[in-house]
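Residue numbers (the numbering used here): -15 to 570.
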(Lines of atoms letter the chains of each structure in order from A and count residues from 1; the text may use other names and numbers.)
(Lines give C-alpha, C1' and ligand atoms only; values in the text may rest on other atoms or scores of the structure.)
Protein backbone atom coordinates (compact mmCIF):
# COMPACT_ATOMS: atom_id res chain seq x y z
CA UNK A 1 0.00 0.00 0.00
CA UNK A 2 2.82 2.38 0.87
CA UNK A 3 4.50 1.65 -2.49
CA UNK A 4 1.27 2.48 -4.32
CA UNK A 5 0.92 5.70 -2.32
CA UNK A 6 4.50 6.71 -3.17
CA UNK A 7 3.79 6.07 -6.85
CA UNK A 8 0.64 8.19 -6.68
CA UNK A 9 2.68 11.03 -5.22
CA UNK A 10 5.46 10.50 -7.77
CA UNK A 11 8.05 9.76 -5.07
CA UNK A 12 9.34 6.44 -6.46
CA UNK A 13 12.72 6.96 -8.12
CA UNK A 14 13.08 5.06 -11.38
CA UNK A 15 16.48 4.12 -12.86
CA UNK A 16 17.51 6.39 -15.71
CA UNK A 17 17.71 3.43 -18.11
CA UNK A 18 14.12 2.44 -17.31
CA UNK A 19 12.86 6.00 -17.91
CA UNK A 20 14.68 6.22 -21.26
CA UNK A 21 13.43 2.78 -22.44
CA UNK A 22 9.83 3.59 -21.55
CA UNK A 23 10.07 7.01 -23.18
CA UNK A 24 11.50 5.55 -26.39
CA UNK A 25 8.52 3.17 -26.63
CA UNK A 26 6.34 6.16 -27.45
CA UNK A 27 8.65 7.06 -30.32
CA UNK A 28 8.23 3.62 -31.92
CA UNK A 29 4.70 4.53 -33.08
CA UNK A 30 6.18 7.43 -35.07
CA UNK A 31 9.44 5.78 -36.12
CA UNK A 32 8.94 6.64 -39.81
CA UNK A 33 8.79 10.35 -39.03
CA UNK A 34 11.75 10.16 -36.66
CA UNK A 35 13.85 8.25 -39.24
CA UNK A 36 13.08 10.98 -41.81
CA UNK A 37 14.01 13.57 -39.19
CA UNK A 38 17.35 11.83 -38.53
CA UNK A 39 18.13 11.75 -42.25
CA UNK A 40 17.41 15.47 -42.55
CA UNK A 41 19.49 15.99 -39.42
CA UNK A 42 22.46 14.14 -40.96
CA UNK A 43 22.25 16.28 -44.12
CA UNK A 44 22.01 19.44 -42.02
CA UNK A 45 25.08 18.53 -39.92
CA UNK A 46 27.07 17.56 -43.03
CA UNK A 47 26.34 20.85 -44.82
CA UNK A 48 26.93 22.88 -41.66
CA UNK A 49 30.26 21.13 -41.02
CA UNK A 50 31.77 21.90 -44.42
CA UNK A 51 30.93 25.63 -44.40
CA UNK A 52 34.18 26.69 -42.59
CA UNK A 53 36.17 24.99 -45.36
CA UNK A 54 34.88 27.63 -47.79
CA UNK A 55 36.02 30.39 -45.41
CA UNK A 56 39.41 28.68 -45.05
CA UNK A 57 39.86 28.49 -48.81
CA UNK A 58 38.79 32.13 -49.28
CA UNK A 59 41.22 33.24 -46.52
CA UNK A 60 44.13 31.41 -48.15
CA UNK A 61 43.23 33.02 -51.47
CA UNK A 62 43.05 36.51 -49.96
CA UNK A 63 46.63 36.34 -48.60
CA UNK A 64 48.02 35.42 -52.03
CA UNK A 65 49.81 38.03 -54.14
CA UNK A 66 47.54 37.35 -57.13
CA UNK A 67 43.97 37.18 -55.78
CA UNK A 68 41.55 35.13 -57.90
CA UNK A 69 38.37 37.20 -57.59
CA UNK A 70 36.37 34.81 -59.77
CA UNK A 71 37.22 31.86 -57.51
CA UNK A 72 36.30 33.82 -54.40
CA UNK A 73 32.91 34.84 -55.89
CA UNK A 74 32.19 31.26 -56.93
CA UNK A 75 33.03 30.03 -53.40
CA UNK A 76 30.78 32.70 -51.86
CA UNK A 77 27.86 31.82 -54.17
CA UNK A 78 28.30 28.09 -53.54
CA UNK A 79 28.42 28.70 -49.78
CA UNK A 80 25.24 30.81 -49.99
CA UNK A 81 23.43 28.12 -52.02
CA UNK A 82 24.38 25.41 -49.53
CA UNK A 83 23.19 27.63 -46.66
CA UNK A 84 19.77 28.03 -48.34
CA UNK A 85 19.48 24.27 -48.88
CA UNK A 86 20.51 23.71 -45.27
CA UNK A 87 17.78 26.05 -44.00
CA UNK A 88 15.21 24.16 -46.08
CA UNK A 89 16.35 20.91 -44.40
CA UNK A 90 16.01 22.61 -41.00
CA UNK A 91 12.43 23.68 -41.80
CA UNK A 92 11.40 20.21 -43.00
CA UNK A 93 13.04 18.67 -39.95
CA UNK A 94 11.22 21.00 -37.52
CA UNK A 95 7.86 20.40 -39.20
CA UNK A 96 8.31 16.61 -39.20
CA UNK A 97 9.30 16.62 -35.53
CA UNK A 98 6.36 18.80 -34.48
CA UNK A 99 3.86 16.55 -36.29
CA UNK A 100 5.31 13.39 -34.73
CA UNK A 101 5.75 14.92 -31.28
CA UNK A 102 2.26 16.36 -31.02
CA UNK A 103 0.69 13.03 -32.05
CA UNK A 104 2.72 11.27 -29.34
CA UNK A 105 1.70 13.80 -26.67
CA UNK A 106 -1.95 13.56 -27.79
CA UNK A 107 -1.85 9.79 -27.21
CA UNK A 108 0.07 10.18 -23.94
CA UNK A 109 -2.45 12.67 -22.51
CA UNK A 110 -5.26 10.33 -23.58
CA UNK A 111 -3.52 7.37 -21.91
CA UNK A 112 -3.02 9.31 -18.66
CA UNK A 113 -6.61 10.59 -18.60
CA UNK A 114 -8.06 7.13 -19.28
CA UNK A 115 -5.82 5.68 -16.58
CA UNK A 116 -7.03 8.31 -14.09
CA UNK A 117 -10.65 7.56 -15.03
CA UNK A 118 -10.13 3.87 -14.16
CA UNK A 119 -8.73 4.63 -10.70
CA UNK A 120 -10.99 3.94 -7.72
CA UNK A 121 -12.36 6.58 -5.36
CA UNK A 122 -10.06 5.22 -2.68
CA UNK A 123 -7.07 6.03 -4.88
CA UNK A 124 -8.47 9.50 -5.63
CA UNK A 125 -8.70 10.11 -1.91
CA UNK A 126 -4.95 9.45 -1.67
CA UNK A 127 -4.05 11.66 -4.63
CA UNK A 128 -4.47 15.47 -4.59
CA UNK A 129 -6.43 16.70 -7.63
CA UNK A 130 -3.92 19.49 -8.27
CA UNK A 131 -1.12 16.95 -8.64
CA UNK A 132 -3.15 14.98 -11.20
CA UNK A 133 -3.85 18.15 -13.18
CA UNK A 134 -0.12 18.95 -13.17
CA UNK A 135 0.73 15.55 -14.60
CA UNK A 136 -1.82 15.79 -17.40
CA UNK A 137 -0.85 19.33 -18.41
CA UNK A 138 2.52 20.57 -17.17
CA UNK A 139 4.42 17.27 -17.22
CA UNK A 140 3.14 16.26 -20.65
CA UNK A 141 4.22 19.71 -21.90
CA UNK A 142 7.77 18.94 -20.70
CA UNK A 143 7.62 15.59 -22.51
CA UNK A 144 6.33 17.41 -25.59
CA UNK A 145 9.55 19.45 -25.62
CA UNK A 146 11.45 16.17 -25.42
CA UNK A 147 9.78 14.64 -28.48
CA UNK A 148 9.55 17.78 -30.59
CA UNK A 149 13.09 19.03 -30.18
CA UNK A 150 15.26 18.06 -27.24
CA UNK A 151 16.14 14.53 -28.35
CA UNK A 152 16.89 15.51 -31.93
CA UNK A 153 18.82 18.62 -30.89
CA UNK A 154 20.95 16.52 -28.54
CA UNK A 155 21.63 14.06 -31.37
CA UNK A 156 22.44 16.98 -33.65
CA UNK A 157 24.86 18.48 -31.14
CA UNK A 158 26.58 15.14 -30.51
CA UNK A 159 26.83 14.43 -34.26
CA UNK A 160 28.20 17.93 -34.82
CA UNK A 161 30.82 17.41 -32.10
CA UNK A 162 31.99 14.15 -33.68
CA UNK A 163 31.87 15.52 -37.25
CA UNK A 164 33.71 18.72 -36.37
CA UNK A 165 36.45 16.89 -34.49
CA UNK A 166 36.95 14.49 -37.42
CA UNK A 167 37.39 17.45 -39.80
CA UNK A 168 39.73 19.18 -37.34
CA UNK A 169 41.77 15.97 -37.19
CA UNK A 170 41.80 15.87 -41.00
CA UNK A 171 43.13 19.48 -41.18
CA UNK A 172 45.81 18.96 -38.52
CA UNK A 173 46.14 15.68 -36.59
CA UNK A 174 48.75 17.23 -34.27
CA UNK A 175 46.62 20.25 -33.30
CA UNK A 176 43.45 18.12 -32.96
CA UNK A 177 45.29 15.66 -30.69
CA UNK A 178 46.59 18.48 -28.48
CA UNK A 179 42.96 19.54 -27.88
CA UNK A 180 41.90 16.08 -26.64
CA UNK A 181 42.59 17.07 -23.03
CA UNK A 182 40.25 20.01 -23.39
CA UNK A 183 37.56 17.75 -24.86
CA UNK A 184 37.89 15.27 -21.97
CA UNK A 185 37.71 18.10 -19.43
CA UNK A 186 34.55 19.54 -21.00
CA UNK A 187 32.75 16.19 -21.06
CA UNK A 188 33.81 15.44 -17.48
CA UNK A 189 32.37 18.75 -16.27
CA UNK A 190 29.16 18.19 -18.28
CA UNK A 191 28.70 14.70 -16.78
CA UNK A 192 29.05 15.97 -13.18
CA UNK A 193 26.71 18.89 -13.98
CA UNK A 194 23.98 16.59 -15.34
CA UNK A 195 24.12 14.44 -12.19
CA UNK A 196 23.81 17.45 -9.88
CA UNK A 197 21.09 19.27 -11.81
CA UNK A 198 18.84 16.19 -12.12
CA UNK A 199 18.41 16.10 -8.34
CA UNK A 200 17.54 19.78 -8.32
CA UNK A 201 14.95 19.30 -11.07
CA UNK A 202 13.29 16.41 -9.24
CA UNK A 203 12.85 18.57 -6.14
CA UNK A 204 11.65 21.50 -8.25
CA UNK A 205 8.98 19.35 -9.90
CA UNK A 206 7.80 18.12 -6.49
CA UNK A 207 7.47 21.75 -5.35
CA UNK A 208 5.50 22.69 -8.49
CA UNK A 209 3.12 19.77 -7.91
CA UNK A 210 2.74 20.77 -4.25
CA UNK A 211 1.94 24.40 -5.05
CA UNK A 212 -0.58 23.39 -7.77
CA UNK A 213 -2.30 21.08 -5.29
CA UNK A 214 -2.45 23.88 -2.72
CA UNK A 215 -3.90 26.33 -5.27
CA UNK A 216 -6.50 23.85 -6.53
CA UNK A 217 -7.69 23.05 -3.02
CA UNK A 218 -7.76 26.62 -1.72
CA UNK A 219 -9.38 28.18 -4.77
CA UNK A 220 -12.15 25.58 -4.47
CA UNK A 221 -12.53 26.41 -0.76
CA UNK A 222 -12.17 30.21 -1.07
CA UNK A 223 -15.64 30.82 0.30
CA UNK A 224 -14.77 29.01 3.53
CA UNK A 225 -11.46 30.87 3.77
CA UNK A 226 -13.22 34.23 3.52
CA UNK A 227 -16.06 33.27 5.91
CA UNK A 228 -13.57 32.41 8.67
CA UNK A 229 -11.14 35.28 7.85
CA UNK A 230 -8.31 32.88 7.09
CA UNK A 231 -6.85 34.88 4.19
CA UNK A 232 -3.70 35.79 6.14
CA UNK A 233 -3.09 32.19 7.23
CA UNK A 234 -3.55 30.87 3.70
CA UNK A 235 -1.29 33.61 2.35
CA UNK A 236 1.44 32.55 4.78
CA UNK A 237 1.03 28.89 3.78
CA UNK A 238 1.24 29.83 0.10
CA UNK A 239 4.33 31.98 0.67
CA UNK A 240 6.00 29.05 2.43
CA UNK A 241 5.40 26.77 -0.55
CA UNK A 242 6.33 29.53 -2.98
CA UNK A 243 9.61 30.07 -1.11
CA UNK A 244 10.39 26.34 -1.28
CA UNK A 245 9.86 26.46 -5.08
CA UNK A 246 12.02 29.61 -5.36
CA UNK A 247 14.88 27.95 -3.48
CA UNK A 248 14.82 24.87 -5.68
CA UNK A 249 14.65 26.98 -8.83
CA UNK A 250 17.51 29.11 -7.56
CA UNK A 251 19.61 25.94 -7.04
CA UNK A 252 19.12 25.16 -10.75
CA UNK A 253 20.08 28.73 -11.71
CA UNK A 254 23.21 28.58 -9.55
CA UNK A 255 24.24 25.28 -11.17
CA UNK A 256 23.90 26.78 -14.65
CA UNK A 257 25.57 29.96 -13.42
CA UNK A 258 28.70 27.93 -12.64
CA UNK A 259 28.54 25.62 -15.67
CA UNK A 260 28.13 28.13 -18.51
CA UNK A 261 30.93 30.56 -17.54
CA UNK A 262 33.27 27.61 -16.91
CA UNK A 263 32.63 26.22 -20.41
CA UNK A 264 33.05 29.72 -21.87
CA UNK A 265 36.41 30.11 -20.07
CA UNK A 266 37.62 26.76 -21.43
CA UNK A 267 36.48 27.84 -24.93
CA UNK A 268 38.54 31.05 -24.79
CA UNK A 269 41.57 29.11 -23.54
CA UNK A 270 41.11 26.70 -26.47
CA UNK A 271 41.14 29.58 -28.97
CA UNK A 272 44.43 30.85 -27.55
CA UNK A 273 45.82 27.30 -27.68
CA UNK A 274 44.59 26.94 -31.27
CA UNK A 275 46.44 30.05 -32.51
CA UNK A 276 49.61 29.32 -30.55
CA UNK A 277 49.79 25.67 -31.58
CA UNK A 278 48.66 26.43 -35.14
CA UNK A 279 51.62 28.76 -35.67
CA UNK A 280 53.90 26.22 -34.01
CA UNK A 281 52.76 23.40 -36.31
CA UNK A 282 53.10 25.62 -39.39
CA UNK A 283 49.42 25.81 -40.40
CA UNK A 284 48.42 28.27 -43.12
CA UNK A 285 46.26 31.31 -42.34
CA UNK A 286 43.23 29.59 -43.86
CA UNK A 287 43.78 26.44 -41.80
CA UNK A 288 44.10 28.43 -38.57
CA UNK A 289 40.90 30.36 -39.41
CA UNK A 290 39.16 27.05 -40.19
CA UNK A 291 40.36 25.65 -36.85
CA UNK A 292 39.06 28.76 -35.08
CA UNK A 293 35.66 28.43 -36.76
CA UNK A 294 35.52 24.70 -35.98
CA UNK A 295 36.36 25.40 -32.35
CA UNK A 296 33.35 27.71 -32.26
CA UNK A 297 31.22 24.98 -33.87
CA UNK A 298 32.67 22.51 -31.36
CA UNK A 299 31.87 24.60 -28.26
CA UNK A 300 28.49 25.90 -29.48
CA UNK A 301 26.96 22.40 -29.29
CA UNK A 302 28.48 22.00 -25.82
CA UNK A 303 26.83 25.27 -24.71
CA UNK A 304 23.64 24.11 -26.44
CA UNK A 305 23.92 20.77 -24.67
CA UNK A 306 23.74 22.64 -21.36
CA UNK A 307 20.36 24.09 -22.40
CA UNK A 308 19.26 20.76 -23.82
CA UNK A 309 20.33 19.02 -20.61
CA UNK A 310 18.16 21.53 -18.77
CA UNK A 311 15.13 20.58 -20.89
CA UNK A 312 16.12 16.89 -20.85
CA UNK A 313 16.32 16.80 -17.05
CA UNK A 314 12.92 18.49 -16.82
CA UNK A 315 11.46 15.98 -19.27
CA UNK A 316 13.02 12.98 -17.50
CA UNK A 317 11.76 14.19 -14.12
CA UNK A 318 8.30 14.76 -15.62
CA UNK A 319 8.45 11.31 -17.27
CA UNK A 320 9.35 9.71 -13.94
CA UNK A 321 6.32 11.23 -12.22
CA UNK A 322 4.04 10.33 -15.14
CA UNK A 323 5.31 6.73 -15.18
CA UNK A 324 4.80 6.58 -11.40
CA UNK A 325 1.14 7.40 -11.99
CA UNK A 326 0.77 4.95 -14.88
CA UNK A 327 2.38 2.22 -12.75
CA UNK A 328 -0.40 2.47 -10.17
CA UNK A 329 -2.82 -0.35 -10.87
CA UNK A 330 -6.49 0.63 -10.48
CA UNK A 331 -8.07 -1.05 -7.46
CA UNK A 332 -11.26 -1.82 -9.38
CA UNK A 333 -10.91 -3.60 -12.72
CA UNK A 334 -12.95 -5.95 -14.90
CA UNK A 335 -12.05 -9.61 -14.78
CA UNK A 336 -10.84 -11.01 -18.12
CA UNK A 337 -14.05 -13.08 -18.36
CA UNK A 338 -16.41 -10.42 -16.97
CA UNK A 339 -19.93 -10.75 -18.36
CA UNK A 340 -22.05 -8.06 -19.97
CA UNK A 341 -25.64 -7.78 -18.79
CA UNK A 342 -28.10 -5.64 -20.72
CA UNK A 343 -30.88 -5.56 -18.12
CA UNK A 344 -31.15 -6.34 -14.42
CA UNK A 345 -34.22 -7.51 -12.52
CA UNK A 346 -32.87 -5.65 -9.49
CA UNK A 347 -32.49 -8.27 -6.74
CA UNK A 348 -29.61 -7.21 -4.48
CA UNK A 349 -27.98 -9.41 -1.87
CA UNK A 350 -25.14 -8.76 0.56
CA UNK A 351 -23.53 -11.94 1.93
CA UNK A 352 -21.34 -11.52 5.02
CA UNK A 353 -19.71 -8.36 3.66
CA UNK A 354 -16.73 -6.83 5.49
CA UNK A 355 -15.19 -3.59 4.28
CA UNK A 356 -12.50 -1.16 5.46
CA UNK A 357 -11.11 1.92 3.71
CA UNK A 358 -7.75 1.34 5.42
CA UNK A 359 -6.21 -1.75 6.97
CA UNK A 360 -8.48 -3.41 9.56
CA UNK A 361 -10.50 -0.34 10.49
CA UNK A 362 -13.76 -2.05 9.54
CA UNK A 363 -16.58 0.21 8.35
CA UNK A 364 -18.91 -2.74 7.61
CA UNK A 365 -18.82 -5.90 9.70
CA UNK A 366 -20.45 -9.09 8.46
CA UNK A 367 -23.36 -7.28 6.76
CA UNK A 368 -26.02 -9.48 5.11
CA UNK A 369 -29.40 -8.54 3.65
CA UNK A 370 -31.62 -9.11 0.58
CA UNK A 371 -33.59 -6.53 -1.40
CA UNK A 372 -36.14 -7.95 -3.82
CA UNK A 373 -36.73 -6.49 -7.30
CA UNK A 374 -38.77 -3.24 -7.39
CA UNK A 375 -38.55 -2.89 -3.60
CA UNK A 376 -37.63 0.38 -1.92
CA UNK A 377 -35.08 -0.17 0.83
CA UNK A 378 -33.94 2.59 3.18
CA UNK A 379 -30.77 2.64 5.27
CA UNK A 380 -30.77 4.63 8.50
CA UNK A 381 -28.31 5.14 11.31
CA UNK A 382 -25.94 7.62 12.85
CA UNK A 383 -23.21 9.35 10.84
CA UNK A 384 -20.40 6.89 10.14
CA UNK A 385 -22.61 3.82 10.52
CA UNK A 386 -21.81 2.66 6.95
CA UNK A 387 -24.91 3.68 4.99
CA UNK A 388 -23.17 5.54 2.16
CA UNK A 389 -20.44 2.90 2.07
CA UNK A 390 -23.03 0.23 1.22
CA UNK A 391 -24.24 2.29 -1.75
CA UNK A 392 -20.67 2.87 -2.94
CA UNK A 393 -19.90 -0.85 -2.80
CA UNK A 394 -22.91 -1.71 -4.97
CA UNK A 395 -21.53 0.37 -7.87
CA UNK A 396 -17.98 -0.93 -7.16
CA UNK A 397 -16.44 2.40 -6.26
CA UNK A 398 -14.54 0.18 -3.82
CA UNK A 399 -13.92 -3.55 -3.52
CA UNK A 400 -15.04 -5.55 -0.48
CA UNK A 401 -12.36 -7.36 1.52
CA UNK A 402 -14.61 -10.24 2.65
CA UNK A 403 -17.96 -11.62 1.55
CA UNK A 404 -19.77 -10.93 -1.72
CA UNK A 405 -22.40 -8.70 -3.25
CA UNK A 406 -24.86 -10.25 -5.71
CA UNK A 407 -27.23 -8.65 -8.19
CA UNK A 408 -29.75 -11.10 -9.66
CA UNK A 409 -27.64 -13.89 -8.15
CA UNK A 410 -24.44 -12.79 -9.94
CA UNK A 411 -21.39 -11.58 -8.04
CA UNK A 412 -20.85 -7.95 -9.06
CA UNK A 413 -17.11 -8.68 -9.46
CA UNK A 414 -18.08 -10.95 -12.39
CA UNK A 415 -20.05 -8.20 -14.17
CA UNK A 416 -18.48 -5.65 -16.53
CA UNK A 417 -18.12 -2.32 -14.76
CA UNK A 418 -19.73 -0.40 -17.63
CA UNK A 419 -22.62 -2.81 -17.69
CA UNK A 420 -23.09 -2.60 -13.91
CA UNK A 421 -22.92 1.18 -13.62
CA UNK A 422 -25.10 1.73 -16.68
CA UNK A 423 -27.90 -0.10 -14.85
CA UNK A 424 -27.60 1.95 -11.66
CA UNK A 425 -28.71 5.56 -11.36
CA UNK A 426 -27.15 7.55 -8.53
CA UNK A 427 -28.57 10.71 -6.96
CA UNK A 428 -26.30 12.10 -4.28
CA UNK A 429 -26.55 14.92 -1.75
CA UNK A 430 -23.78 16.94 -3.38
CA UNK A 431 -24.87 17.28 -7.00
CA UNK A 432 -22.04 18.03 -9.42
CA UNK A 433 -22.89 20.03 -12.52
CA UNK A 434 -20.45 20.75 -15.33
CA UNK A 435 -19.99 24.08 -17.06
CA UNK A 436 -22.33 24.06 -20.06
CA UNK A 437 -26.06 24.07 -20.73
CA UNK A 438 -28.83 22.41 -18.74
CA UNK A 439 -29.35 20.07 -21.69
CA UNK A 440 -25.67 19.03 -21.65
CA UNK A 441 -25.81 18.32 -17.93
CA UNK A 442 -28.85 16.10 -18.31
CA UNK A 443 -27.57 14.10 -21.29
CA UNK A 444 -23.85 14.32 -20.37
CA UNK A 445 -23.26 15.03 -24.08
CA UNK A 446 -24.87 11.73 -25.12
CA UNK A 447 -26.29 12.54 -28.56
CA UNK A 448 -28.68 9.56 -28.53
CA UNK A 449 -31.26 11.52 -26.54
CA UNK A 450 -33.76 13.69 -28.41
CA UNK A 451 -35.06 17.05 -27.17
CA UNK A 452 -38.45 15.42 -26.53
CA UNK A 453 -36.87 12.71 -24.36
CA UNK A 454 -35.01 15.37 -22.37
CA UNK A 455 -38.21 17.37 -21.83
CA UNK A 456 -40.13 14.22 -20.87
CA UNK A 457 -37.50 13.25 -18.26
CA UNK A 458 -37.68 16.75 -16.78
CA UNK A 459 -41.49 16.66 -16.63
CA UNK A 460 -41.32 13.24 -14.98
CA UNK A 461 -39.22 14.58 -12.06
CA UNK A 462 -40.86 18.06 -11.97
CA UNK A 463 -37.63 19.77 -13.11
CA UNK A 464 -39.60 21.51 -15.88
CA UNK A 465 -41.23 23.65 -13.16
CA UNK A 466 -38.13 25.87 -13.01
CA UNK A 467 -36.49 25.14 -16.39
CA UNK A 468 -39.44 26.55 -18.34
CA UNK A 469 -39.07 29.84 -16.44
CA UNK A 470 -35.43 30.32 -17.47
CA UNK A 471 -34.69 32.71 -20.38
CA UNK A 472 -33.01 30.05 -22.53
CA UNK A 473 -34.80 27.08 -20.95
CA UNK A 474 -32.79 23.91 -21.79
CA UNK A 475 -30.01 25.95 -23.41
CA UNK A 476 -29.50 28.02 -20.25
CA UNK A 477 -25.81 28.19 -19.39
CA UNK A 478 -24.71 26.75 -16.06
CA UNK A 479 -21.62 28.18 -14.44
CA UNK A 480 -19.00 26.00 -12.72
CA UNK A 481 -20.55 23.57 -10.19
CA UNK A 482 -24.01 24.99 -10.95
CA UNK A 483 -23.56 27.96 -8.62
CA UNK A 484 -26.28 29.92 -10.45
CA UNK A 485 -28.90 27.32 -9.44
CA UNK A 486 -30.34 26.53 -6.02
CA UNK A 487 -29.57 23.27 -4.21
CA UNK A 488 -33.08 22.01 -4.97
CA UNK A 489 -32.84 22.89 -8.67
CA UNK A 490 -29.52 21.09 -8.94
CA UNK A 491 -31.07 18.05 -7.29
CA UNK A 492 -33.99 18.00 -9.71
CA UNK A 493 -31.54 18.13 -12.61
CA UNK A 494 -29.69 15.14 -11.16
CA UNK A 495 -33.02 13.28 -11.00
CA UNK A 496 -33.70 14.08 -14.66
CA UNK A 497 -30.16 13.01 -15.56
CA UNK A 498 -30.76 9.67 -13.84
CA UNK A 499 -34.23 9.03 -15.27
CA UNK A 500 -33.25 9.72 -18.90
CA UNK A 501 -30.59 6.98 -18.73
CA UNK A 502 -33.32 4.44 -17.76
CA UNK A 503 -31.60 2.63 -14.86
CA UNK A 504 -32.99 -0.54 -13.27
CA UNK A 505 -31.62 0.29 -9.82
CA UNK A 506 -31.84 3.72 -8.18
CA UNK A 507 -29.59 5.01 -5.41
CA UNK A 508 -30.46 8.10 -3.38
CA UNK A 509 -27.92 9.25 -0.83
CA UNK A 510 -29.32 12.11 1.27
CA UNK A 511 -30.92 13.45 -1.91
CA UNK A 512 -33.47 15.50 0.06
CA UNK A 513 -31.03 17.02 2.56
CA UNK A 514 -30.58 20.81 2.64
CA UNK A 515 -33.66 21.37 0.44
CA UNK A 516 -36.30 24.03 1.03
CA UNK A 517 -39.83 22.86 1.84
CA UNK A 518 -41.35 23.81 -1.53
CA UNK A 519 -38.66 21.97 -3.49
CA UNK A 520 -38.87 18.99 -1.12
CA UNK A 521 -42.54 18.56 -2.05
CA UNK A 522 -41.56 18.43 -5.75
CA UNK A 523 -38.76 15.96 -4.98
CA UNK A 524 -41.04 13.72 -2.92
CA UNK A 525 -43.54 13.66 -5.78
CA UNK A 526 -40.71 12.74 -8.14
CA UNK A 527 -39.52 9.95 -5.84
CA UNK A 528 -42.99 8.45 -5.71
CA UNK A 529 -43.00 8.27 -9.52
CA UNK A 530 -39.44 6.91 -9.66
CA UNK A 531 -40.30 3.96 -7.40
CA UNK A 532 -41.91 2.34 -10.41
CA UNK A 533 -38.63 2.45 -12.37
CA UNK A 534 -36.87 -0.28 -10.42
CA UNK A 535 -35.25 -1.25 -7.13
CA UNK A 536 -34.59 1.82 -5.01
CA UNK A 537 -32.01 2.22 -2.26
CA UNK A 538 -32.34 5.30 -0.05
CA UNK A 539 -30.15 6.83 2.63
CA UNK A 540 -31.89 9.54 4.65
CA UNK A 541 -31.49 11.13 8.06
CA UNK A 542 -35.02 12.51 7.96
CA UNK A 543 -37.11 9.47 8.81
CA UNK A 544 -40.28 11.16 7.51
CA UNK A 545 -38.99 10.68 3.96
CA UNK A 546 -38.63 6.87 4.20
CA UNK A 547 -41.72 5.83 6.18
CA UNK A 548 -43.28 4.16 3.12
CA UNK A 549 -40.17 2.10 2.22
CA UNK A 550 -40.78 -1.64 1.79
CA UNK A 551 -37.79 -2.39 3.99
CA UNK A 552 -35.74 -0.30 6.41
CA UNK A 553 -32.28 -1.49 7.47
CA UNK A 554 -30.92 0.08 10.64
CA UNK A 555 -27.13 0.28 10.97
CA UNK A 556 -24.99 0.97 14.01
CA UNK A 557 -21.16 0.89 14.03
CA UNK A 558 -21.06 -0.96 10.71
CA UNK A 559 -23.50 -3.71 11.71
CA UNK A 560 -27.19 -4.31 11.04
CA UNK A 561 -29.10 -4.01 14.30
CA UNK A 562 -32.66 -4.04 12.92
CA UNK A 563 -34.62 -4.80 9.74
CA UNK A 564 -38.25 -4.38 8.81
CA UNK A 565 -40.80 -1.82 7.62
CA UNK A 566 -41.63 1.40 9.46
CA UNK A 567 -44.50 0.02 11.55
CA UNK A 568 -42.64 -3.17 12.52
CA UNK A 569 -39.60 -1.24 13.68
CA UNK A 570 -41.73 1.13 15.77
CA UNK A 571 -43.42 -1.85 17.44
CA UNK A 572 -40.01 -3.37 18.24
CA UNK A 573 -39.12 -0.20 20.20
CA UNK A 574 -35.44 -0.67 19.35
CA UNK A 575 -32.78 1.67 17.94
CA UNK A 576 -35.02 2.88 15.08
CA UNK A 577 -37.76 3.75 17.58
CA UNK A 578 -35.28 5.86 19.57
CA UNK A 579 -34.16 7.70 16.41
CA UNK A 580 -37.80 8.30 15.50
CA UNK A 581 -38.64 9.63 18.95
CA UNK A 582 -35.62 11.97 18.92
CA UNK A 583 -36.51 13.46 15.54
CA UNK A 584 -40.20 14.01 16.22
CA UNK A 585 -39.67 15.29 19.75
CA UNK A 586 -37.42 17.97 18.22
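Beta carbons are placed, not taken as given, at the ideal position from N, Cα and C, and that holds for glycine. Being a predicted model, the structure only gives us computed values, none of them experimental.
Check residue i in the structure and name its three-state DSSP category.
i           : result
residue 517 : coil
residue 393 : coil
residue 37  : helix
residue 493 : strand
residue 336 : strand
residue 170 : helix
residue 218 : helix
residue 352 : strand
residue 540 : strand
residue 388 : strand
residue 148 : helix
residue 379 : coil
residue 546 : strand
residue 523 : strand
residue 535 : strand
residue 195 : helix
residue 227 : helix
residue 440 : helix
residue 323 : strand
residue 461 : strand
Please work out which residues of its chain come closer than 8 Å, Cβ to Cβ, to residue i, disregarding the five sequence neighbours upstream and downstream, and give them in chain order.
i           : result
residue 42  : 56, 59, 60 and 270
residue 276 : 255, 258 and 259
residue 22  : 136 and 139
residue 346 : 338, 339, 340 and 542
Enumerate in chain order the residues of its own chain whose CB-to-CB distance from residue i is below 6 Å, with the five nearest sequence positions on each side excluded.
i           : result
residue 440 : none
residue 126 : 298, 299 and 302
residue 567 : 527
What separation, rounded to the nearest whole angstrom, lies between the Cα atoms of residue i and residue j?
i           : j           : result
residue 286 : residue 322 : 56 Å
residue 152 : residue 142 : 15 Å
residue 340 : residue 389 : 15 Å
residue 549 : residue 104 : 34 Å
residue 534 : residue 409 : 19 Å
residue 557 : residue 532 : 18 Å
residue 336 : residue 349 : 8 Å
residue 186 : residue 134 : 18 Å
residue 117 : residue 98  : 13 Å
residue 178 : residue 280 : 22 Å
residue 420 : residue 395 : 38 Å
residue 459 : residue 423 : 6 Å
residue 380 : residue 26  : 55 Å
residue 191 : residue 232 : 8 Å
residue 210 : residue 75  : 53 Å
residue 1   : residue 377 : 41 Å
residue 274 : residue 24  : 25 Å
residue 537 : residue 355 : 10 Å
residue 518 : residue 330 : 7 Å
residue 574 : residue 176 : Because the chain in this structure spans residues -15 to 570, residue 574 falls outside the shown range and cannot be described.
residue 83  : residue 10  : 14 Å
residue 564 : residue 94  : 51 Å
Going along the chain, which residues of its own chain have a beta-carbon closer than 7 Å to the beta-carbon of residue i, five neighbours each way excluded?
i           : result
residue 6   : 307
residue 375 : 491, 493, 521 and 523
residue 87  : 14
residue 370 : 347, 348, 539 and 542
Where does residue i land, buried or exposed, given buried means 16+ other C-beta within 10 angstroms?
i           : result
residue -15 : Reliability fails at residue -15, whose pLDDT of 48 lies under 50, so the model's placement of it is uncertain and no value is given.
residue 259 : exposed
residue 415 : buried
residue 91  : exposed
residue 29  : buried
residue 217 : exposed
residue 562 : exposed
residue 18  : buried
residue 363 : buried
residue 204 : exposed
residue 483 : buried
residue 598 : Limits of the chain in this structure are -15 at one end and 570 at the other, which puts residue 598 out of reach.
residue 119 : buried
residue 475 : buried
In the DSSP assignment, the beta strand (DSSP E) including residue i goes from what residue to what residue?
i           : result
residue 433 : It is not in any beta strand (DSSP E) - residue 433 carries neither H nor E in the DSSP assignment.
residue 362 : 360 to 365
residue 412 : 408 to 412
Would you give the residue range spanned by the alpha helix (DSSP H) that residue i belongs to?
i           : result
residue 82  : 53 to 101
residue 422 : 422 to 427
residue 451 : 448 to 451
residue 472 : 471 to 484
residue 129 : 124 to 129
residue 12  : 0 to 12
residue 159 : 157 to 162
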